[in-house]
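One structure below.
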Amino acid sequence: MNSALKKFIKEKAFQIGFDKIGFSKVSPVEEEIKKFYLSYLERNYHGEMKYLEKNVEVRFNPEKLFPEGKTIISLATNYFSHIPENSIFSRYVTKKDYHSVIRKKMEMLIESIKKEIPNLKAKIFVDEGKILEKYWAFKSGLGWIGKNTLLITEEFGSWVFLSEIIINLDVEPDLPGRDLCGECRECIEKCPVNALIDDKLLDARKCISYLTIEKRKILNSDEGKFLKKYVFGCDLCQNVCPWNKKAKIKQEEDLNFLGNFVDLSPERLRKMDEEEFKKIFSNTVISRVPFEVFKNNLNLLLKNLPHRG
Ligand code: SF4
Numbered sequence: 002m003n004s005a006l007k008k009f010i011k012e013k014a015f016q017i018g019f020d021k022i023g024f025s026k027v028s029p030v031e032e033e034i035k036k037f038y039l040s041y042l043e044r045n046y047h048g049e050m051k052y053l054e055k056n057v058e059v060r061f062n063p064e065k066l067f068p069e070g071k072t073i074i075s076l077a078t079n080y081f082s083h084i085p086e087n088s089i090f091s092r093y094v095t096k097k098d099y100h101s102v103i104r105k106k107m108e109m110l111i112e113s114i115k116k117e118i119p120n121l122k123a124k125i126f127v128d129e130g131k132i133l134e135k136y137w138a139f140k141s142g143l144g145w146i147g148k149n150t151l152l153i154t155e156e157f158g159s160w161v162f163l164s165e166i167i168i169n170l171d172v173e174p175d176l177p178g179r180d181l182c183g184e185c186r187e188c189i190e191k192c193p194v195n196a197l198i199d200d201k202l203l204d205a206r207k208c209i210s211y212l213t214i215e216k217r218k219i220l221n222s223d224e225g226k227f228l229k230k231y232v233f234g235c236d237l238c239q240n241v242c243p244w245n246k247k248a249k250i251k252q253e254e255d256l257n258f259l260g261n262f263v264d265l266s267p268e269r270l271r272k273m274d275e276e277e278f279k280k281i282f283s284n285t286v287i288s289r290v291p292f293e294v295f296k297n298n299l300n301l302l303l304k305n306l307p308h309r310g
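If you're matching positions, the sequence shown starts at 2 in the working numbering and goes up one per residue.
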C-alpha cells in the first residue's frame, strides 16, 4: 500500500478545507449492516423515502457503483456556526447549499491527485443516497454512529457534512471509529417526538427533519403537531449531545451564507409570496422544497405556537 500517496491526499484535503479524512477498502458492506438496513425498511421507519428501497444491492456494494474502484475516501466538513436560539431553521440550512460547495472542493482534490497520478479515476458522492455514507465514514475512522443515528466525530461532533470519493487506487485503509456514546441517552430522552428508538434507530415518520425536509408533501394538522419549534430541519438531538457541546468551531468560509432569513420571524415569512421565497432562499437547501410545502409548514408551526399564531 502506498503510504506516500495517503499522506499526499490527506495534506491536500486539509489544504482545500476538509476537516477530516479517512480511507477504506471498496468492498461489500458487512452482513450485520445489511440485516439492520433491511429490518429498518421492513418496519417502515423510512416513511415515504421510497428511494431507500431501490438499488439496495448497489448500496450494499460500492463495487457496483464503480467496478474499478479500490478505495473509498471519506471526508467531513465542519459547518457549525452560531444561530439564534429561537431559530426555526436547523443550523445546516443557514449555510450555502453544501452540495455544490463540497462537490467543487472534491473536484479540486481530484485535480491535485491527478497532477501526481494522471491515470487516476474517481467518482464523487455528496449526499446522494447511493452509498451508505455514515457506515463508510465509520469504517474510515472519521467517528462513530451515535444513538441519534448521526455520524459523530470527536473533534466536531455531528456538525459535519459527509462526502465520499471512490478512486481506482489502493490506499491503506484506516481503522474504524470507536463508539463513544457510552451510557449516554440524552438524544433519545430529549427528542420531543420520540423519534429515536434504542439500537440507533430513527422512526423517520415522527422526525421533524424528515417531515419538513424529506417528505416534501403538504403535512396534515396531526403531523403539524410534531414540528415543535421548527419549520425546516431540527437540531434538538444534536444540541443535547455532549460531543457537540465541546465541538471545535471552524468557520468554513465557502459555506457562509450572507442572507439574513434566520432573523426573520415566522409571522414575517408567512407574508412572503413565491417570488420572495425564491429570492430569500436561493442558494440554500430550502429552495429544494416546494413553496406550498414550506408555507404550509409555517402555518402549522404558527398554529401550534399559540402565543404567536
Ligand atoms: Fe450518543 Fe449521547 Fe450524543 Fe446521543 S446525545 S449521540 S447517546 S453521545
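Glycine included, each C-beta is placed from N, C-alpha and C at the ideal position.
Checklist entry - Expressed to the nearest angstrom, what Euclidean distance is found between the alpha-carbon atoms of phenylalanine 19 and lysine 96? => result 16 Å
Checklist entry - For serine 141, which residues of its own chain have a beta-carbon under 6 Å away from its beta-carbon, when the five flanking residues on both sides are left out? => result Gly23, Phe24, Ser25, Ser75, Asp175
Checklist entry - Considering glycine 225, what are the terminal residues of the beta strand (DSSP E) in which it resides? => result Here glycine 225 belongs to no beta strand (DSSP E); instead the alpha helix (DSSP H) covers 222–225.
Next on the checklist: Using a Cβ-based criterion (distance less than 7 Å to any ligand heavy atom), does valine 241 qualify as near the ligand SF4?
Outcome noted: yes
Item to check | Reduced DSSP secondary structure (H/G/I, E/B, other) of serine 25 | outcome: strand
Next on the checklist: Our contact map puts glutamate 54 next to leucine 66 with C-beta atoms below 8 Å; I'd like the distance itself, whole angstroms only.
Outcome noted: 18 Å between Cβ atoms; not a contact.
Checklist entry - Three-state secondary structure (DSSP) at serine 91? => result coil
Checklist entry - Would the C-beta of lysine 148 count as close to the ligand SF4, meaning under 7 Å from any of its heavy atoms? => result If you check the C-beta of lysine 148 against the ligand SF4, you find a heavy atom less than 7 Å away.
Checklist entry - DSSP state of valine 57, grouped into three classes? => result helix
Next on the checklist: Using 8 Å as the threshold, is the C-beta distance between alanine 196 and cysteine 182 below it?
Outcome noted: no
Item to check | One or two residues paired with leucine 110 in a DSSP bridge | outcome: Answer by DSSP bridge pairing: none, since leucine 110 is not bridged.
Checklist entry - At a cut-off of 7 Å, is arginine 289 close to the ligand SF4 when judged by its beta-carbon and the heavy atoms of the ligand? => result no
Checklist entry - Just checking, does the region 269–282 make contact with the region 198–206 on the three C-beta pairs under 8 Å criterion? => result no
Next on the checklist: Nearest by alpha-carbon distance to glycine 48: which of Ala205, Tyr99, Leu143 is it?
Outcome noted: Ala205
Checklist entry - Is any heavy atom in the ligand SF4 found nearer than 7 Å to the beta carbon of glutamate 276? => result no
Checklist entry - Should isoleucine 198 be listed as close to the ligand SF4, given that the test is whether its C-beta is under 7 Å from any heavy atom? => result False, no ligand heavy atom lies under 7 Å from that Cβ.
Checklist entry - Assuming isoleucine 84 and valine 263 make a contact with CB atoms under 8 Å, what is their CB distance in whole Å? => result 6 Å
Checklist entry - Quick one: what does DSSP say lysine 140 is sitting in, helix, strand or coil? => result Collapsing the DSSP output to three states places lysine 140 in a helix.
Next on the checklist: Are there any heavy atoms of the ligand SF4 lying less than 7 Å away from the beta-carbon of isoleucine 153, as far as the coordinates show?
Outcome noted: yes
Next on the checklist: Once DSSP output is grouped into helix, strand and coil, what is the label at serine 164?
Outcome noted: Reduced to three states, the DSSP call for serine 164 is strand.
Checklist entry - In angstroms, rounded to a whole number, what distance separates the CA positions of lysine 135 and serine 222? => result Between the alpha carbons of lysine 135 and serine 222 lies a gap of roughly 33 Å.
Item to check | Near the ligand SF4: cysteine 182 beta-carbon under 7 Å from a heavy atom | outcome: yes
Item to check | Contact set for lysine 115: own chain, Cβ-Cβ below 7 Å, skip 5 residues either direction | outcome: Leu121
Item to check | C-alpha distance - isoleucine 34 paired with glycine 144, whole-angstrom precision | outcome: 17 Å
Checklist entry - Just the Cα atoms here: how many angstroms apart are proline 193 and leucine 220? => result 18 Å
Checklist entry - Which same chain residues, not among the five before or five after asparagine 62, have their C-beta less than 6 Å away from its C-beta? => result Pro29
Checklist entry - Alpha carbon to alpha carbon, what distance is there between leucine 170 and lysine 71? => result 6 Å
Checklist entry - Which whole-angstrom value describes the C-beta separation of asparagine 79 and valine 161, a residue pair presumed to lie in contact below a C-beta threshold of 8 Å? => result 6 Å
Checklist entry - If you run the structure through DSSP and keep just helix, strand and coil, what is alanine 77? => result strand
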